[in-house]
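Here my numbering is used: position 34 in the sequence shown is 34, and no number is missing along the way. Taking it in order: structure first as structure tokens, then the write-up.
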Amino acid sequence: MQFRQKALAKVQSPEELDIPVRLARPQGWFVLAVTAAIMAVACFWAVTGTVSSTMNAPGILTHAAGNYLLQSPVAGQVTAVFASEGDTLRSGAPLLSIRTDRRTETIRTVAAGRVTTLMAKIGAVVTTGA
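Here it is as structure tokens:
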């Protein structure tokens, strides 16, 4: 077997036994320090950090009882509109005034809630159930 002369010279000269062994280069120590710092920050965040649990999404929120369509109990011409879209009304609040052949009727809400769509305009002719 042939060995390099330089390797054989190191084995034969025990003079360097008092020199400390170099375990890692300075670049290796730097990488170790950065890795330890990242791990320390990650552990700190794992204990004290929070994760946001909110989400933005388009949608329509409705009441648990659901929506209802308010229909006119009389036929006639709309003479006044007392609410607009987006208004919150209590139960029994006046919504429309309709002139019939005999008299003017006030259409009231059946339950409290918010007006999402108002299809009747002043001057429009409505039929019963519309």
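Each residue gets a CB set at the ideal place from its N, CA and C atoms; glycine is no exception.
Same chain, Cβ closer than 7 Å to residue i, neighbours up to 5 away in sequence not counted
| i | result |
| --- | --- |
| Gly18 | Position check: residue 18 holds Asp in this sequence, whereas Gly was assumed. Around Asp18: no qualifying Cβ. |
| Arg99 | Gly76, Gln77, Thr79 |
| Gly92 | Arg108, Thr109 |
Whole-number beta carbon distance between residue j and residue i, since they are thought to touch under 8 Å
| i | j | result |
| --- | --- | --- |
| Ala64 | Leu96 | About 27 Å; that fails the 8 Å criterion. |
| Thr127 | Ala75 | 5 Å |
| Gly129 | Gln71 | 5 Å |
| Leu89 | Val115 | 7 Å |
| Pro94 | Thr104 | Going by Cβ atoms, the distance from Pro94 to Thr104 rounds to 12 Å, so no, they are not a contact pair. |
Bridge partners - residue i, DSSP secondary structure assignment
| i | result |
| --- | --- |
| Ala80 | Ser97 |
| Glu85 | Looking at the DSSP assignment, Glu85 forms no beta bridge with any residue, so it has no partner. |
| Val126 | Gly76 |
| Arg114 | Thr88 |
| Thr106 | Ser97 |
Own chain partners of residue i with C-beta closer than 8 Å, once the 5 adjacent residues on each side are dropped
| i | result |
| --- | --- |
| Val31 | none |
| Ile122 | Val78, Thr79, Ala80, Val81 |
| Thr117 | Glu85 |
| Trp155 | This structure does not reach residue 155, given that the chain is present from 1 up to 130, and the question cannot be answered. |
| Asp101 | Gly76 |
| Ala24 | Leu32 |
Residues of its chain near residue i, where Cβ-Cβ distance is below 6 Å and the 5 sequence neighbours each way are ignored
| i | result |
| --- | --- |
| Val125 | Gln77 |
| Ala57 | none |
| Ala131 | Shown here, the chain extends from 1 to 130; a query on residue 131 therefore has no answer. |
Practice task
Spell out a yes or no on whether the stretch 85-98 and the stretch 36-44 are touching, meaning 3 or more CB-CB pairs, one atom from each, closer than 8 Å.
Solution key: Counting Cβ pairs under 8 Å, fewer than three are found: no touch.
Exercise for the section: Ignoring anything shorter than 3 residues or poking outside the stretch 10-63, list the beta strand (DSSP E) runs there in chain order. Expected result: Restricting attention to beta strand (DSSP E) runs no shorter than 3 residues, the stretch 10-63 encloses none.
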